[in-house]
Structure formats: structure tokens, C-alpha cells
Amino acid sequence: MADGDDFYQILGVPRDASQEDIQRAYRKLARTYHPDVNHDPGAEDRFKEASEAYDVLSDPETRRRYDAFGRDFRQVPEGVDPETWRRAQAGAGARAGAGAGAGAGPGGFSFSEGDIDLDDLLGGLFGSRFGGRGSRRGWGPIPGADQEAEIELTVEEAYRGGRRSVTLSSDGTRRSFDVTIPAGVTDGQRIRLAGQGGRGSDGARNGDLYLLVRIAPHPRYRLDGRDLFVELRLAPWEAALGTSVALDTPGGEVKVKVPGGTSSGRRIRLAGRGLPNPKGKAGDLYAEARIMVPSRLSRAERRLFEQLAAESNFDPRKQR
Amino acid sequence: MVRAARLSLEEFAVLSGLHPDLIRRLVALGLIEAYRDPAGQLWFSRGELAAVARVQRLRAGFALNYAAIGLVTDLLDRIAVLEAALRGAQRRGR
Chain A
1160 MADGDDFYQI LGVPRDASQE DIQRAYRKLA RTYHPDVNHD PGAEDRFKEA SEAYDVLSDP
1220 ETRRRYDAFG RDFRQVPEGV DPETWRRAQA GAGARAGAGA GAGAGPGGFS FSEGDIDLDD
1280 LLGGLFGSRF GGRGSRRGWG PIPGADQEAE IELTVEEAYR GGRRSVTLSS DGTRRSFDVT
1340 IPAGVTDGQR IRLAGQGGRG SDGARNGDLY LLVRIAPHPR YRLDGRDLFV ELRLAPWEAA
1400 LGTSVALDTP GGEVKVKVPG GTSSGRRIRL AGRGLPNPKG KAGDLYAEAR IMVPSRLSRA
1460 ERRLFEQLAA ESNFDPRKQR
Chain B
283 MVRAARLSLE EFAVLSGLHP DLIRRLVALG LIEAYRDPAG QLWFSRGELA AVARVQRLRA
343 GFALNYAAIG LVTDLLDRIA VLEAALRGAQ RRGR
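Sequences listed follow chains A and B, in order.
Using the working numbering, read the first sequence as starting at 1160 and increasing by one per residue.
Using the working numbering, read the second sequence as starting at 283 and increasing by one per residue.
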């Protein structure tokens, strides 16, 4: 947590909020960001911040001390007058120029062992307190929760697999991972990064981070599971007479044999040319025929089409 | 190393860091699943370690009682199933 963050700001309440308002604000945040409710990697830190803030502000006595002395109130001995403390703090800053201090600098306070609640201090330092004060008692270390984040892959990346660096940013902190993408990963599949999830408290093991794979829409390819669909544009005479066409696929160029009499929408299946499958049969590639005509005809083309129209008795709207 | 498929109560207690009596109580409350063999011994699958950790986190984070934790975990599991189904439907609709 950034040092400048104010506990009231974290809970989103004004400084004069009632104890009920503080509790209500905290309960709302806890329900939103508890790591078992919200799997976003940033949620856990928000939850811990809110818990720490609530820990302090829910108790009128610690709240009073927080109001008087700020974030470091635990280091201020009991019974110190806030005014004196403030003057002392200001004095410490000004002393360099002012020469002789009034004798009330921070050095004037001595720390005896009883002054600091070690438990509070350690809890605050390690962020290991999970929730309200004392509620963890008797539970010992608690393993961290699993988290989930999305990564977007191109169709080509899903096809080839391989190493990829993934950066997750949440609340200003960025974490980078080198992730091995298995070849043939499909949309909606989860890649597990062991131990990269929520932090366990008191040395308990961390949760796992799951990367939920999203395949980005592609201008040419459409995926259904591991089956790959690609448009195959044909001239009318190619579709009518049959031909062999070179087609780009994520796995390289392939030759597609188009049988004569192919209409738009016909799917030519290339078995095993879809996404590979680490655990079995690869998907298929379907080349979907789409017949294109020239938007402008040359004189010769027009003559030939007119001749075809006169000769042919083919009616695409009949039968079916 | 081959991991044992099932954990005894003692092994489960060590791995989860909880007292065996507390674990028995959580089983009785239906918060974690266990198999009881003919001799009356409790056995756990490894997956229950994650379940018991979630019970701990929810109890610590919300000061819930055990009955409420049972309800919350059931609802969270149902939501996870529904969200997965929704994602699947959205993918197919794309």
C-alpha cells in the first residue's frame, strides 16, 4: 500500500463518518474484494487495505489516535498530547535551521517496550491479518486464494504455442510472467501458474493464478473449438469447373482442391489442418467457398456472360 | 514422487495446519468432503485442502459462522458453474 493512502479514503468515508458508516463501507468493500468472491489479481490487495483501514477505524480508541497522529500512530507512546506531538514533528523539520530545539523533538520521547503492541505492528507490516481484529485467532496460517486473469491470444499464437511474456497490471503494480502456451490452446481454456495467486498468510502456500485464454477475433480465421474456418474466394468459373487454390493457414500454405459445381457456402474439409490437440486428434480446417464476381465487367467478359445466360437453363431458385 | 490419492485425517491435519478435531467438525458440518472407511477412519482427497483454505479465509474475512460459510461456498460454486456456462454460450454465439 502506498504510504500516502488515507484510511478514510480507502474506505471511501468522510473523516467525520459514524462508526456505523465505517462498518457499512468496510462490509461493502469486503464483499466486493474478498479473494474468494473476486478472482481478479488486484482484488486481494484492495481487500487487505480495506481490512487494515477498518482494523484501525473500527475501534474508537485507535481511530482517535490515528486521527491525532496519522499512519504512524502505533509508534507514538500512550498519553502523548497530539498538539505537543505535532509541534515536535514540525520542530524536527525546522530544527536544522533554527539551531537549538525546544527540547521537545522526537528524540525527547523514549520508547519503552510496553509502548508498542508488537502484534499490531507485525500484523500491519506483513499484511497478514485477514479481516477483523482477532478473528483469525486459532486458525494459524491460511493458504492464499486462487486468482484468475484473462489473456488474449491471436489465432496464430494458439496454433503454434510457445513462450510468451504476460504482464498483469492491477492498482499500479505490474507483474510479468513468462508463460508457456501449449500449442492448440482453445478459447476458454485455463493455463495454471502454480503459486502465483493470492499470498498465503504466515508462510502458508500461495494460491494459483489461472490465465483464462481468449482468442482474439481474426480478420480471416474463425475458430470453433479446434476447428478452423477460413473463407475461400472463388471466381464463378473456378467454382463451376473446379480448380486447385493455394490457401494461407496458420500452419502455412496449403493447396485446396475445389471440386466442380461448388456453390457459395460449401465447406471443403482439410482433415487435421485445424488447431493441434496436445491430447488427441487435431481439429479440421474448413475452407468455405464464396463466389465473387467482378464489380465491373470488361466488354469481352460481358459478352461471354450474356452468352452463358442465353445458353444456360440453370435456375438457382428452383428445386432445393 | 507419487502422491497418495487419499489423505488420512492426520496427513490432512498436517497439510492444512488445522487440529484434527476441527477438521472432524468441518466434515460433520458438510463444509469439506470426506470418505469414511468401514473402520471409521476419515479419508480426504487433496482437492479438499483448497476447500478448507477457502473456509478459513471466509471465516476470517467475514466473521461468518459455519452454517453461513456452507451457504456462501455453495453459492460461490454455483456462480462459478453459471459463469462458465455463460462464457461458453457467449463463445458459441460469437
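By construction, the Cβ of each residue, glycine as well, lies at the ideal position given by its N, Cα and C atoms.
Span of the beta strand (DSSP E) holding A/Ala-1353?
No beta strand (DSSP E) contains A/Ala-1353, which DSSP labels as neither H nor E.
Can you confirm whether A/Asp-1195, when its beta carbon is compared against all beta carbons of chain B, has any partner nearer than 8 Å?
yes
Note down, in chain order, every chain B residue with its Cβ under 8 Å from the Cβ of A/Pro-1300.
Gly-299
Quick check: what's the CA-CA separation for A/Arg-1223 versus B/Ala-335?
35 Å
What's the call for A/Arg-1462, buried or exposed, on a 16-neighbour Cβ count within 10 Å?
exposed
Out of A/Pro-1378, A/Ala-1399, A/Asp-1204, A/Ala-1469, state which residue places its alpha-carbon closest to the alpha-carbon of A/Pro-1409.
A/Pro-1378
Quick one: give me the first and last residue of the alpha helix (DSSP H) that B/Ser-298 is part of.
DSSP places B/Ser-298 inside the alpha helix (DSSP H), whose first and last residues are 291-298.
If you measure beta-carbon to beta-carbon, which residues of the segment 348-359 of chain B are closer than 7 Å to chain A?
Contacts with chain A (Cβ-Cβ distance below 7 Å) from the segment 348-359 of chain B involve Leu-358, listed in chain order.
Can you give me the start and stop residues for the alpha helix (DSSP H) that A/Lys-1414 sits inside?
Careful: A/Lys-1414 lies outside any alpha helix (DSSP H), inside the beta strand (DSSP E) at 1411-1417.
Under a Cβ-count criterion, where at least 16 other Cβ atoms within 10 Å of its own Cβ denotes burial, should B/Phe-294 be classed as buried or exposed?
buried
Determine whether the beta carbon atoms of A/Arg-1373 and A/Asp-1346 lie at a separation below 8 Å.
yes
How far does the alpha helix (DSSP H) with A/Ala-1430 in it reach, from first residue to last?
Premise fails: A/Ala-1430 is in no alpha helix (DSSP H) and is neither H nor E.
In the segment 1339-1358 of chain A, which residues sit with their C-beta less than 8 Å from some C-beta in chain B, listed in chain order?
Asp-1346, Gly-1347
Identify the contact partners of A/Ala-1446 in chain B, using a Cβ-Cβ distance below 8 Å as the criterion.
Residues of chain B passing the Cβ test: none, with the nearest at roughly 20 Å.
Same chain only: Cβ atoms within 7 Å of A/Leu-1281, ignoring 5 sequence neighbours per side:
In this predicted model, A/Leu-1281 has a pLDDT of only 39, less than 50, meaning its place in the structure is not dependable; the value taken from the coordinates is given anyway. Excluding residues within five positions, none has a Cβ falling inside 7 Å.
Taking 8 Å as the threshold (beta carbon to beta carbon), is A/Arg-1295 in contact with chain B?
Residue placement at A/Arg-1295 is poorly supported in this model, since its pLDDT is 44, which falls under 50; the coordinates still yield a value, given next. So, interface residue.
Listed by chain order, chain B residues near A/Ala-1304 by CB distance under 8 Å:
Ala-335, Arg-336, Arg-339
Between the segment 1441-1461 of chain A and the segment 1384-1401 of chain A, do at least 3 Cβ pairs fall closer than 8 Å?
yes
Helix, strand or coil: how does DSSP classify A/Val-1235 here?
coil
Which residues in chain B sit within 8 Å of A/Ala-1363, going by Cβ to Cβ distance?
Gly-299, Ala-335
Counting only the same chain and skipping the five closest in sequence on each side, list residues whose C-beta sits under 6 Å from that of A/Tyr-1192.
Contacts found: Ala-1202, Arg-1205, Phe-1206.
Same chain, Cβ closer than 8 Å to A/Gly-1199, five either side skipped, listed in chain order
In the sequence as presented, Gly is not what sits at residue 1199 of chain A; that position holds Asp. Gln-1306, Glu-1307, Ala-1308, Ser-1329.
Quick one: is B/Gly-322 near chain D, going by C-beta distance under 8 Å?
Included in the structure are the protein chains A and B, with no chain D among them.
Quick one: what does DSSP say A/Gly-1342 is sitting in, helix, strand or coil?
Inspection of the sequence shows that residue 1342 of chain A is occupied by Ala rather than by Gly. Here DSSP, grouped into helix, strand and coil, assigns A/Ala-1342 to coil.
Please work out which residues of its chain come closer than 8 Å, Cβ to Cβ, to A/Leu-1400, disregarding the five sequence neighbours upstream and downstream, and give them in chain order.
Gly-1419
Hey, which unbroken runs of the beta strand (DSSP E) at 3 residues or more fall wholly within the segment 1434-1469 of chain A?
Taking only runs of at least 3 residues, the beta strand (DSSP E) segments lying wholly in the segment 1434-1469 of chain A are 1444-1450.
B/Gly-329 CB to nearest chain A CB: under 8 Å?
no
In angstroms with no decimal places, state the Cα-to-Cα distance between B/Tyr-348 and B/Gln-338.
10 Å
Anything in chain A within Cβ reach of B/Arg-369, meaning under 7 Å, just list it in chain order.
Gly-1347
Check whether the segment 1355-1363 of chain A touches the segment 1414-1433 of chain A, counting contact only when three or more Cβ pairs, one atom from each stretch, lie closer than 8 Å.
The answer is no - the segment 1414-1433 of chain A does not touch the segment 1355-1363 of chain A, with fewer than three Cβ pairs under 8 Å.
In whole angstroms, what is the alpha-carbon distance linking A/Glu-1460 and A/Leu-1312?
So the alpha carbons of these two residues sit roughly 44 Å apart.
Report back the beta-carbon spacing between A/Leu-1371 and A/Arg-1351 to the nearest angstrom; my notes put them in contact at under 8 Å.
That belief does not hold up - the Cβ atoms of A/Leu-1371 and A/Arg-1351 are roughly 11 Å apart, past 8 Å.
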